[in-house]
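See structure below.
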Amino acid sequence: MLSEITTIIPTRNRVSFLEKTIISILNQSDDYINKIIICDNASEDSTEELVNKFQNKYKNIKYFKHKTNIGLYQNFSFGISKVKTKYFNLISDDDQLARGYLHYCLNIFPGSDPLLNLSSPLLSKQLFFMTLLKTWVV
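According to this note's numbering, the sequence shown is numbered sequentially starting from 74.
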């Protein structure tokens, strides 16, 4: 059975970066099931239209748009609360994953507890607590 991993992309008014981020996730390996959750923190640009374009082609993308700005960390936490897979990855809307990155991470930690791959060491302390929150929420 293939492993499943969810990539969470919190975003707000960054449509100019988001397309490359989504493409970098879609271009990962096919030896696992990759789900994408996009948490839009009340963007006022064309983020929703861009995501809808991808959703028409890829059924593994879920999109949630908040009516008001709920704050950066609350948006992260919201995304984590929507994860239904054992493994998840949280990246910024302007990050791009190198091809094979998720495959590499899954092979390093086979059979491990729920996993959070950090793209930015600056967020590590805040995201550590969010990882604990996922354990409580799910």
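Even for Gly, the Cβ is constructed at its ideal location relative to N, Cα and C.
- Secondary structure of ILE181 (DSSP, three-state): helix.
- Non-local C-beta neighbours of LYS155 in its own chain, meaning closer than 6 Å and more than five positions away in sequence, comprise ILE110, ordered along the chain.
- The continuous beta strand (DSSP E) containing LYS138 extends over residues 134-138.
- For THR141, the number of other beta carbons within 10 angstroms of its own is below 16, and it is reported as exposed.
- Closest in C-alpha terms to PHE90, from the list ASP113, ASP167, TYR174 and GLY152, comes ASP167.
- No Cβ-Cβ contact shorter than 9 Å links ILE153 with ILE95.
- Residue environment analysis places ASP113 among the buried positions, since at least 16 neighbouring C-beta atoms fall within 10 angstroms of its C-beta.
- Residue state for TYR160 is assigned as strand, using DSSP reduced to three classes.
- Considering only PHE151, ASP104, THR84 and LEU179, the residue with the shortest C-alpha distance to LYS159 is LEU179.
- When beta bridges are read from the DSSP output, ILE78 appears opposite ASN107 and TYR160.
- With respect to THR84, PHE161 sits apart: the two C-beta atoms are not nearer than 9 Å.
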